[in-house]
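Residue 0 is where the sequence shown starts when you use numbering that gives the first Met the number 0, and the numbers rise one by one after that.
Glycine included, C-beta positions come from ideal geometry on N, C-alpha and C.
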Amino acid sequence: MTQSGPAGASRRKGAVQPAMEQEPTVGHATRPMRRRGQARAALILDATEGLLAERSAADISLADIAAASGVPLPSVYHFFPNRNAAFEALALRFNEEIYRRSIEVLTDPEPHTWQELLDRKHRRAAEFQNGRPAALRLFLGAGVSVAVRNADLTGNARIALSRARMFEAYFQIPPIPGFVTSLEIAAAAMDGIWALSYGRHGCITEHYRQEATAATIAYLRRFLPEFLPRRPLEPAMLARIAVSPSEVSLSITGSQGGATELTASNTRATPTST
């Protein structure tokens with residue numbers, strides 16, 4: 000009896016050990032599968048972008064996407080039940096690329112005025128879209144789906160929130176009620192002029208790019224003084240420029256009853272009555 004206790008304990012330990020050894024194996028098995036799925040989805044979106052660069056969305060089917068990607072049609076259906084779902088996913092991927100470029104810090108030289116900051120940011124954004132014909136077609140072309148349009152608006156809202164924080168990082172800016180919303184409206188005006196350029200020329204020409212920036216600056220002059228004193232760039236202020244999609248959702252929800260206010264003393268947007 001005195002020997003059976005330790006032996007039993009030993010057997011119990013022995014019974015547990017195989018299960019403990021197998022757990023990492025299961026984890027390692029699922030991670031490659033997840034990576035393969037992500038790689039296949041990216042391949043499908045790459046093919047979708049290539050097709051959209053050459054033809055309109057109405058002329059693209061899931062079968063076309065499957066053929067261009069080399070992914071079997073049933074697998075394409077697994078990721079995207081219809082072509083609009085693929086277009087929406089591509090729009091979200093573009094949004095992330097555009098957003099990452101929008102929050103890049105401007106140095107060498109740093110902008111001296113808020114007008115210069117906008118001009119340089121708009122120039123970079125136009126260069127990106129002109130270099131990605133599928134993005135032009137998705138965001139500026141006719142017949143854009145509701146889902147793609149909503150993705151575009153959400154992307155603009157995220158950029159507007161970061162742009163307000165970028166203004167605060169570069170300039171001594173006074174509290175401006177509804178400033179984030181004003182930046183969204185300015186972006187919508189710019190998009191409208193860019194869409195006109197795309198409809199007429201198939202790209203964002205430099206002339207229309209300048210006109211869009213001029214319209215944006217003219218609108219924002221309603222809220223911003225002509226001159227804003229510069230402030231030295233500080234790591235803490237630069238770090239808060241980037242915002243997560245969840246912050247954008249909170250901002251949109253909070254601003255439904257009024258404009259959104261962002262000040263240098265705040266760490267996030269807060270609603271204010273108009």
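Let me know the secondary structure DSSP gives Ile175 once reduced to three states. In the three-state DSSP reduction, Ile175 falls in the strand class (E or B).
For the segment 161-177 and the segment 224-231, state whether three or more C-beta atom pairs, one from each stretch, are separated by less than 8 Å. Flag = yes, the segment 161-177 and the segment 224-231 touch.
Length-filtered (4 minimum) alpha helix (DSSP H) runs lying within the segment 63-104: With a minimum length of 4 residues, the continuous alpha helix (DSSP H) runs that stay inside the segment 63-104 are 72-78 and 82-101.
Based on DSSP bridge pairs, tell me the residues matched to Phe170. DSSP lists Arg229 as partners of Phe170.
Throw me the rounded Cβ distance for the Phe226 and Phe178 pair, which I believe falls under 8 Å. Between Phe178 and Phe226 the Cβ distance is about 17 Å, and since that is not below 8 Å, they are no contact.
Would you kindly check if the distance between the Cβ of Met165 and the Cβ of Ile240 is under 8 Å? Against a cut-off of 8 Å, the Cβ pair of Met165 and Ile240 comes out as a contact.
Could you give the DSSP three-state label for Arg221: helix, strand or coil? Coil, per DSSP.
Report yes or no: do the segment 87-104 and the segment 63-75 share at least 3 C-beta pairs separated by less than 8 Å? Fewer than three pairs of CB atoms, one per stretch, sit closer than 8 Å, so the segment 87-104 makes no contact with the segment 63-75.
Start and end residues, alpha helix (DSSP H) containing Ala235: In this chain, the alpha helix (DSSP H) harbouring Ala235 covers Pro234 to Ala238.
Cβ-based burial, Ala28 [other Cβ within 10 Å; buried from 16]: Its pLDDT being 49, under 50, Ala28 is placed unreliably in this model, and the value from its coordinates should be taken loosely. Per the 10 Å Cβ criterion, exposed.
Within its chain, find whatever has a CB closer than 6 Å to the CB of Ser196; leave out the 5 residues flanking it on each side and keep chain order. Excluding residues within five positions, the ones whose Cβ falls inside 6 Å are Ile203, Thr204 and Tyr207.
Considering just the uninterrupted stretch of the alpha helix (DSSP H) at Arg119, what are its terminal residues? It spans Trp113 to Asn129 - the alpha helix (DSSP H) in which Arg119 sits, taken as one unbroken run.
Arg34 in three-state terms, based on DSSP: In this structure, Arg34 counts as helix in the three-state DSSP scheme.
In three-state DSSP terms, what is Ile184? Taken through DSSP and simplified to helix, strand or coil, Ile184 comes out as helix.
Status (buried if at least 16 other CB within 10 Å, exposed otherwise) for Arg220: Around the CB of Arg220, fewer than 16 other CB atoms lie within 10 Å, so the residue is classed as exposed.
According to DSSP, is Glu205 helix, strand or coil? In the three-state reduction of the DSSP assignment, Glu205 falls in the helix class.
Assuming contact is defined by CB atoms lying nearer than 8 Å, are Ile184 and Tyr218 in contact in what I supplied? For Ile184 and Tyr218, yes; Cβs fall inside 8 Å.
Hey, out of Arg162, Asp151, Pro244 and Asp118, whose CA is closest to Ala211's CA? Check the Cα spacing between Ala211 and each of Arg162, Asp151, Pro244 and Asp118: the tightest is with Asp118.
Hey, does Leu152 have any beta-carbon neighbour from chain B nearer than 8 Å? Within the model displayed, chain B is absent; a lone protein chain is all it includes.
If you measure between the beta carbons of Ser101 and Ala124, is that distance less than 8 Å? Judged by their CB atoms, Ser101 and Ala124 are nearer to each other than the 8 Å cut-off.
Out of Ile216, Ser55, Val247 and Thr106, state which residue places its alpha-carbon closest to the alpha-carbon of Leu237. Selection Ile216, Ser55, Val247 and Thr106 evaluated against Leu237 yields Thr106 as nearest (Cα-Cα).
Here's the rule I'm using: 16 or more other beta-carbon atoms within 10 Å means buried, otherwise exposed. How should Asn155 be labelled? Result: buried.
Residue environment, Ser181, which counts as buried when at least 16 other CB atoms sit within 10 Å: Classification for Ser181: buried.
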